[in-house]
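See below for the structure under consideration.
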Amino acid sequence: MTVEANDPGMSIAAGGGTSFRPLLEWLARRAEPVAIGLVAILIGMALFSIFILVIGKSPVTLFQLMYTGGFGSWFSIQNSLSRAAPLLLTALCVALPARLGLVIIGGEGAVVLGGVAAAAIALPFVGTVPPILLFVFMGLAAMLVGGIWIGLAGFLRHYRGVNETISSLLLAYIAIALMNQFVEGPLRDPASLNKPSTKPLPAEYMMGDIPGMDVHWGLVIGVVACVVSWALIELTSYGFAARISGGNVRAAQIQGLPVGKLIAGFTAVAGSFAGLAGMIEVAAVQGSANASLAAGYGYTGILVAFLARHNPLAIIPVAILLGGIDASGGLIQRRMGLPDATVLVLQGTLFVVILFCETFYGRFRIFNPDLWKRSQ
Amino acid sequence: MEETGIGIWGVPLAIFAGAIRVSTPFIFVSLGETITERSGRINLGLEGTLVFGAMTAYAVAVLTGSPWLGVLAAMATGSVFGLIHGWICKFPKVNDIAIGIAMMQFGLGLAFFLGKPFIQPAAPKLPSIPLGGWSTVPQVQAALNINVLFFLGAALALFLFWAFRNTRIGLILRVVGDSTDAARAMGINPDTVRLLATAAGGSLAAIGGAYLSLYYPGSWNEGISSGQGLMAVALVIFARWNPIGCFLAALLFGGAGALGPALQSIGVTQGYYLFYAAPYVLTLIILIVTSSPTRSLTGAPGALSLTK
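Chains A and B supply the protein sequences, listed in that same order. Here the first sequence is numbered in our numbering, starting from 1 and rising by one per residue. Here the second sequence is numbered in our numbering, starting from 377 and rising by one per residue.
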């Protein structure tokens, strides 16, 4: 698979005019993750197609339906964008700690508790403050709770040496139990009989849609959060310190960087984004906190973050893509008679293949300008 | 009194019975993970393997009428999942923890997909051994109605404890787990050993799943597992990679899991959902108490990325 020195593409790249050289180098370095990512998605789709063929259905029809259901019409695009909104935030919950070398997979817990906190703080203020102020209160409460929850995993990691992957997941299970306790107990709306929920927000206190679209404001919040996270990582000294710590903790400590504070801070920011996703679910979709908060956004966010290689800007297109795959699930179920888990199988296949393709990084000289000269 | 109930004594009895009933999947998953981690690799995907094993066992038991064939089929699929994990992880730059998470999502998705037609039909259950015949109290009899797999798990824990120390395979496994370079110097291929260790771990985890669907709770649905596969990973750390420790820790976890239902049975319903969280809280506390930021864990395999 490795591109050899006599590869024609290489000599073209290397033989380009000297004035184009910096541009080519820049392009080559940027092209590697895109090319490997696309190849990984193609391999994943091919494997999934084989699976669909084996169970006797047509993968072509399936992918056509997936496109129709996800991006085929303005209606389906808006549906995909709505589904992408929470994924943007839960993916950040994985991507930010990942830049510090931490694997946090318990974002679901922050989503759930963020939603409960938002619903709880809204109750006394409904009718007394204007909606925009209420959203600020709800957002702050959700971010605070989410930040504490995931920040705890980061804190335990640095100060107690507790593996953050396992602790964040345990915290997610504890969060769901806490949500059930709150929603069935002190916060339960007596009117919610079959599905215990908190008291629903009145219609005028629901976060509306973006003007001209059938997509709620959560999408804007998510995109802003991604851009802010990108700026935090790429443009600030905190982000720079975090990237150093993620590369080599020992080196960062020798440089005197506050690794513990960075870990606690980044995990707290990450958790606050996931908490915000829970607030948006309550304020824009559900209207109340209930068991629907644990809809798996936290887990799909893991896949989004790994697909985007923990780059906050790359999270935006990837989340929309996965939102689209998610949105097409219903159509596939109805038209092809396949179970709703079809989308999960595709997601799982893509996830495994994408991580497998990490092994191809650095193997192709065409992507590494440092090796071009030697090949001539 | 004896016919209607045994009052407050019902709580410890229910916890005891629950510990045995709930612990069995933990025993198998944690023993499987111990084998894998002793070889120097982590498989976080055992949750997916467990659920897929539960589905396979249930489906095969429905189709053939034999629960034991179901267990065997689950073991086969579990080892396939382990082989996939082990094969992918041998490539450079591939992160075994991340692959585990991906395999977990893949296994869950595939199990839900293929298991859809089997939610309705009833499967034959695994047999249990009634050891409570000496008592006239029905609760005691019920509590001592112990599944065969529990005894198999206990025996396996003892066997692995012995085998890690005294057999050639056990020694090879530990060498690979403690130092990849030392293993290579001895002419052992670490990748092959880890591949087989992950496959063995996967097949044991799938037995845990088979127990869930074929005995307790004894049905197949998408919520069959409540994170046993992942908690078992934490449990292995707590047990310091010692098979007998795994067995005892599994009993402790089972007891914690039985606390909520036991209290509910005597009328304590306040905070029911918080008791439901008891095993997770217990796991977390144990991790916090037993971990240390400065030194690696005693008994940890040297090549394990979890503790670095």
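All residues carry an ideal CB built from backbone N, CA and C; glycine is no exception. Values in this document were obtained by computation on a predicted structure and should not be read as measured data.
Near the ligand SAH: GLY37 of chain A beta-carbon under 7 angstroms from a heavy atom:
For the ligand SAH, the structure offers nothing, since it holds no ligand at all.
Does the Cβ-Cβ distance between GLY408 of chain B and ALA581 of chain B come in under 8 angstroms?
yes
So, helix, strand or coil for ILE642 of chain B, using DSSP?
coil
For a contact meaning CB atoms closer than 9 angstroms, what does GLU184 of chain A contact in chain B?
TYR648 and TYR649
So with CB distances below 8 angstroms, who are the chain A contacts of VAL609 of chain B?
ILE166
Using a C-beta to C-beta distance shorter than 8 angstroms, which residues of chain B count as neighbours of PHE356 of chain A?
ILE464, PHE467, VAL470 and ILE475
Beta-ladder partner(s) of ASN521 of chain B, from DSSP
B:PRO506
Does the stretch 531 to 542 of chain B come within contact of the stretch 511 to 518 of chain B, defined as at least 3 CB pairs closer than 8 angstroms?
no
So, with DSSP's three-state summary, where would you put HIS216 of chain A?
strand
Helix, strand or coil: how does DSSP classify ASP340 of chain A here?
coil
Compare the C-beta of THR556 of chain B against all C-beta atoms of chain A and say whether one is closer than 8 angstroms.
no
So with Cβ pairs under 8 angstroms, would you call GLY508 of chain B a contact of chain A?
no
Find the residues of chain A that neighbour PHE488 of chain B, judging by a C-beta separation of less than 9 angstroms, and give them in chain order.
PRO339, ASP340, ALA341, LEU344 and VAL345
Going by the CB atoms, is the gap between LEU611 of chain B and PHE467 of chain B shorter than 8 angstroms?
no
Does chain E have any CB closer than 8 angstroms to the CB of GLY485 of chain B?
Included in the structure are the protein chains A and B, with no chain E among them.
Kindly say whether LEU606 of chain B, judged by its beta-carbon, lies nearer than 8 angstroms to any beta-carbon of chain A.
yes
Output, in sequence order along the chain, the residues in the stretch 151 to 163 of chain A whose CB is closer than 8 angstroms to any CB in chain B.
LEU156, HIS158, TYR159, ARG160, GLY161, VAL162 and ASN163
Amino acids of chain A, ordered along the chain, whose beta-carbon sits closer than 9 angstroms to that of ILE664 of chain B
LEU156, ARG160, VAL162 and SER167
Can you say whether TRP26 of chain A is buried or exposed, counting buried as having 16 or more other CB atoms within 10 angstroms of its CB?
exposed
Could you confirm whether any beta carbon from chain B is found closer than 8 angstroms to the beta carbon of VAL34 of chain A?
no
Name the two residues that bound the continuous alpha helix (DSSP H) containing MET143 of chain A.
131 to 160
For the stretch 283 to 308 of chain A, which residues have a CB atom closer than 8 angstroms to at least one CB atom of chain B, in sequence order?
TYR299, ILE302, LEU303 and PHE306
On the three-state DSSP scale, how would you describe THR425 of chain B?
helix
Reduced DSSP secondary structure (H/G/I, E/B, other) of ARG83 of chain A
helix
Rounded to a whole number of angstroms, what is the C-alpha to C-alpha distance between VAL307 of chain A and GLN496 of chain B?
Checking the sequence shown, residue 307 of chain A turns out to be Leu, not Val. When rounded, the distance between both Cα atoms is 36 angstroms.
If you pair each beta-carbon of the stretch 246 to 264 of chain A with each one of the stretch 109 to 117 of chain A, do three or more pairs fall below 8 angstroms?
no
Assign ASP189 of chain A to one of three DSSP states: helix, strand, or coil.
coil
Beta carbon of LEU389 of chain B nearer than 8 angstroms to that of ALA499 of chain B:
no
Touch test, the stretch 136 to 151 of chain A against the stretch 180 to 196 of chain A, Cβ-Cβ under 8 angstroms, three pairs minimum:
no
Give me the chain B residues within the contact set of VAL352 of chain A, using Cβ-Cβ distance strictly less than 8 angstroms, ordered along the chain.
ILE460, ILE464, ILE475, ALA478, MET479 and PHE482
Rounded to a whole number of angstroms, what is the C-alpha to C-alpha distance between LYS261 of chain A and ARG99 of chain A?
14 angstroms
Go ahead and label TRP372 of chain A buried or exposed: buried means 16 or more other beta carbons lie within 10 angstroms of its beta carbon, across all protein chains shown.
buried
Note the first and the last residue of the continuous alpha helix (DSSP H) segment covering TRP372 of chain A.
That residue, TRP372 of chain A, is in no alpha helix (DSSP H); it is neither H nor E in DSSP.
Looking only at its own chain, which residues have a Cβ that is under 7 angstroms from the Cβ of THR453 of chain B, when we skip the five neighbours before and after it?
PHE428, GLY429, THR432 and ALA582
Evaluate GLN376 of chain A with the Cβ neighbour count: other Cβ atoms within 10 Å of its Cβ, from every protein chain shown; 16 or more gives buried, anything less gives exposed.
In this prediction, GLN376 of chain A scores a pLDDT of 48, lower than 50, which makes its location untrustworthy; the coordinate-derived value is nonetheless stated afterwards. Label assigned to GLN376 of chain A: exposed.
DSSP three-state assignment for THR674 of chain B, whether helix, strand or coil:
coil
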